[in-house]
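A.B. asks:
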Amino acid sequence: MQQNTFYQFHKFIHFGAVADQKGRARMAAAIYGYLLDQPGSEQRLAGLVAGDTGTFAPIIRTIVSNQGMRELCIQDALSTPLPASQTGAALKPLLAEDLTKAILDFINTAQRSIQKTESPFAVEQSLLADFESLEPGDFQDAWEGLVPFIQETYEPQELDTAFYTQEFQKSLLPPQSKRKPKNPWAGSHFAGVKEHFTERWAALLSQKQRAWEQEWFEAQGKRCRETLSQRIEAYKNMEELFNPFPGEPRRLWDLSAAGQKVNFTAFHTYAKLLERDPLVQDLANSLGRHKTEAWAVEPLIEAPTPEPEGLVEQASKGDLIGVHESDDLSSILPSEAALLTDETAQWMFYQQFAAKKLLTYAYRQEFFSPPKTLPGMPQGRTRKGPEAPKGPFILCIDTSGSMRGIPETVAKTLCFALLKIALQDTRDWYLISFSTGMKALHIAKTVQPKDLWQALDRLSEFLSISFYGGTNAGPALRQALDLRETQEFQKADVLMVSDFIMPPLDEPTLARIKAAKEGHTQFHSLLIGDRGNKAVNQAVVAVFDRQWVYEADIPELP
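Using the numbering used here, you'd call the opening residue of the sequence shown number 1 and step up by one each time.
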């Protein structure tokens, strides 16, 4: 183990409550080496059985027996190669060091805790101490009171009270007695008999105390192992579902500290649905892409070649902007392609193809040429600067009864997809679920681990409940507009997911939406269901800048 690694454990090695300093150093080295699967680590771990570290050897073995723990440590070590020099103070500790410290801290805390815990043998220890201080004159009464306790506590072969009663009596015979006892203890001094008895009693009591401590430590070790196992499970779930910190296992491990109690079942369900529905993933990916370009002016070097502004090239694919009707076979939805697999439905496919009415993805690729001279700036050549941070999400989901079934599944899958993107891109994410009432959930880009896990727990609950009630989108949009006026959500876009079977919006809300659009906020809508349904409020749909329609079928929840 390297010098800087010893430094990571110096607090335990120098000030720990167990073993001596060398023993504590052996503990740290054995655990750390075992987690990284270093050569000889098994032997070092087994070597803890000897000496004053022996009490903790089975506990340590219990804790580190989780194979996933080793795998994470090795993965972290491989993804963070250490430089040749290990003396720099700026080196980040490895995940193996974090886990080793956690285990050492547990051992230290457990030792200090048991020292403060009342022993179940405290009464017996007090009786033994009192008996050790007895004088011959006080012996008879004390012995008569002690014998029943000894007989109840120990078997005769362990501590024979009849034998010691006889020997004590002999040791207390007056000096003038001429009796010659047959037993070798006869005539022995009282102190010698008492010492023999107390040593035997103390040895038996010490044996029981050690067994109790061992059992207590093992129970605490299992609890520590369960806690670390739950944390590892949370880590793996976060990595698989959201992967918020690619290539940074240790950072994700820090985040997992408060995530052991989150129910990931619902997240796994919608992760599988997302894999099987590329339309929802494409829609989620396209949000927030429209505010990422920044432009700068360079000194004029050569005369720029005039270029048309806002050129749209329909033949190339860029951002997904919705679903429309066309005859573009390269962009058809899976539901349309499925018609070709059924002989009775093939004629419908060809009919829609001839009429250019196949449901297809709509893409747009814009090539933007900024003005050659910006107002108030010297003439020069413009160049594309670094991308600005992507904006936050404000997601309004209709949870009314009419959204049950496929619409509900699509809405929840999109909710999951946007959260995944927000965590990966470090973006603020705000969910407003509405029917006749309204609930809100915010996950900030700077969220602390504990707050994130609480939010994920609430979101898991949202993904697990069924939609019900009527529809009133006004309060949800007004809250989204209020959010836009805050510092965190000034650059946010709004997405409403609904079947849009709802009453019209009031004039004040429409006026605020119009003002927000002038401030470059974009309002997106995803209509889930039959766009030809007469119950759909087309006037509300028309309020949104970008409109998607989802009519394709996706698998029902298992």
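Where a beta carbon is used, it is the ideal one built from N, C-alpha and C, also for glycine. Being a predicted model, the structure only gives us computed values, none of them experimental.
At what residues does the beta strand (DSSP E) containing Leu431 begin and finish?
C.D. replies: Note, Leu431: beta strand (DSSP E), 429-434.
A.B. asks: Grouping DSSP H, G and I as helix and E and B as strand, with all else coil, what is Leu359?
C.D. replies: Correct three-state label for Leu359: strand.
A.B. asks: Using the Cβ count rule (16 or more neighbours within 10 Å means buried), how would you classify Tyr468?
C.D. replies: So Tyr468 ends up on the exposed side.
A.B. asks: Have a look at Met377 and Ala422 and give me their C-alpha separation to the nearest angstrom.
C.D. replies: Low per-residue confidence applies at Met377: pLDDT is 38, beneath 50, and the placement is therefore not dependable enough to give any value.
A.B. asks: Can you tell me whether Leu329 is buried or exposed? The criterion is at least 16 other CB atoms within 10 Å of its CB, across all chains shown.
C.D. replies: So Leu329 ends up on the exposed side.
A.B. asks: What would DSSP say about Leu481, mapped onto helix, strand or coil?
C.D. replies: Note: Leu481 maps to helix in three-state DSSP.
A.B. asks: Can you tell me whether DSSP reads Asn155 as helix, strand or coil?
C.D. replies: Sequence check: residue 155 is Glu here, not Asn. It is coil, neither helix nor strand.
A.B. asks: In the DSSP output, what is Asp493 paired with across the bridge?
C.D. replies: BP columns for Asp493 point to Phe393.
A.B. asks: What are the start and end residues of the beta strand (DSSP E) that includes His14?
C.D. replies: Taken as a continuous stretch (DSSP letters only), His14 belongs to no beta strand (DSSP E), being part of the alpha helix (DSSP H) at 10-15.
A.B. asks: Once DSSP output is grouped into helix, strand and coil, what is the label at Phe121?
C.D. replies: The answer is coil: DSSP assigns Phe121 none of H, G, I, E or B.
A.B. asks: Along the beta strand (DSSP E) that carries Arg546, what are the first and last residues, could you check?
C.D. replies: Start and end: 546-550.
A.B. asks: If Lys222 and Thr62 are in contact, beta carbons under 8 Å, what's the gap, nearest whole angstrom?
C.D. replies: Sure, about 6 Å apart at Cβ, within 8 Å.
A.B. asks: Measuring straight from C-alpha to C-alpha, what distance separates Phe393 and Val280?
C.D. replies: Distance between the alpha carbons of Phe393 and Val280: 15 Å.
A.B. asks: Apart from the five residues just before and just after Phe264, which ones in its own chain have a Cβ nearer than 6 Å to its Cβ?
C.D. replies: If we look at Phe264 and ignore the five residues flanking it on each side, its Cβ neighbours are Asn237.
A.B. asks: Compare the beta carbon distance of Leu172 and Phe190 with 9 Å and say whether it is the shorter of the two.
C.D. replies: Result yes, Cβ atoms of Leu172 and Phe190 sit closer than 9 Å.
A.B. asks: Have a look at Asp545, Thr409, Ile397 and flag the residue whose alpha-carbon is nearest the alpha-carbon of Gly474.
C.D. replies: Ranking the options by Cα distance to Gly474, first place goes to Ile397.
A.B. asks: Excluding the 5 residues preceding and the 5 following Val64 in the sequence, name in chain order all residues of the same chain whose CB lies nearer than 6 Å to its CB.
C.D. replies: Around Val64: Tyr34.
A.B. asks: Any idea if Gly192 is buried or exposed, counting beta-carbon neighbours within 10 angstroms, 16 or more meaning buried?
C.D. replies: By the neighbour-count rule (16 or more Cβ atoms within 10 Å), Gly192 is not buried but exposed.
A.B. asks: Run the CB neighbour count on Asp76, radius 10 Å, all protein chains shown included, and call it buried at 16 or more, exposed below.
C.D. replies: Looking at its Cβ environment, which holds 16 or more other Cβ atoms inside 10 Å, Asp76 is buried.
A.B. asks: What is the rounded straight-line gap between the Cα of Ser326 and the Cα of Phe489?
C.D. replies: If I take the Cα positions, the gap works out to 36 Å.
A.B. asks: Give the DSSP-derived three-state secondary structure of Lys194 in the structure shown.
C.D. replies: DSSP places Lys194 in helix when its eight states are reduced to three.
A.B. asks: Over the uninterrupted beta strand (DSSP E) stretch that includes Leu527, give me the two end residues.
C.D. replies: Per DSSP, Leu527 belongs to the beta strand (DSSP E) from 523-528.
A.B. asks: Is any beta-carbon of chain D found at less than 9 Å from that of Glu336?
C.D. replies: The structure shown contains no chain D; it holds only a single protein chain.
A.B. asks: Name the DSSP bridge partner or partners of Ser326?
C.D. replies: Per DSSP, Leu358.
A.B. asks: What whole-angstrom Cβ distance do Trp212 and Leu128 have, given they're in contact under 8 Å?
C.D. replies: No, Trp212 and Leu128 are not in contact; Cβ-Cβ is about 16 Å, not under 8 Å.
A.B. asks: Going along the chain, which residues of its own chain have a beta-carbon closer than 8 Å to the beta-carbon of Thr471, five neighbours each way excluded?
C.D. replies: Around Thr471: Asp398, Ser400, Ser402, Phe434, Ser435, Thr436, Ser498, Ile501, Met502, Pro503.
A.B. asks: To the nearest angstrom, report how far apart Arg546 and Ser286 are at their CA atoms.
C.D. replies: Between Arg546 and Ser286, the C-alpha separation is close to 11 Å.
A.B. asks: If you draw a straight line from the C-alpha of Leu205 to the C-alpha of Ile150, how long is it?
C.D. replies: Looking at the two C-alpha atoms, the distance is approximately 11 Å.
A.B. asks: Classify Ser256 as helix, strand or coil using the three-state DSSP reduction.
C.D. replies: Of the three classes helix, strand and coil, the one that applies to Ser256 here is helix, per DSSP.
A.B. asks: Nearest-angstrom Cα distance between Asn66 and Asp160?
C.D. replies: Rounded to the nearest angstrom, the two C-alpha atoms are 47 Å apart.
A.B. asks: With DSSP as the reference, please indicate the residues paired to Ala440 in a beta bridge.
C.D. replies: Answer is Ile432, bridged to Ala440.
A.B. asks: With DSSP as the reference, label Lys332 as helix, strand or coil.
C.D. replies: Note on identity: in this sequence residue 332 is Ile, with Lys being the wrong assignment. Correct three-state label for Ile332: strand.
A.B. asks: With DSSP as the reference, please indicate the residues paired to Asp398 in a beta bridge.
C.D. replies: According to DSSP, Asp398 bridges with Phe434.
A.B. asks: For Arg225, count neighbouring Cβ atoms within 10 angstroms of its own Cβ and tell me buried if that reaches 16, exposed if not.
C.D. replies: Arg225 is buried by the Cβ-count criterion.
A.B. asks: Going by the beta-carbon positions, is the gap between Glu240 and Ala271 smaller than 9 Å?
C.D. replies: Contact: yes.
A.B. asks: Quick one: residues in its chain with C-beta nearer than 6 Å to the C-beta of Ala440, no 5 flanking neighbours on either side, listed in chain order?
C.D. replies: The residues are Ile432.
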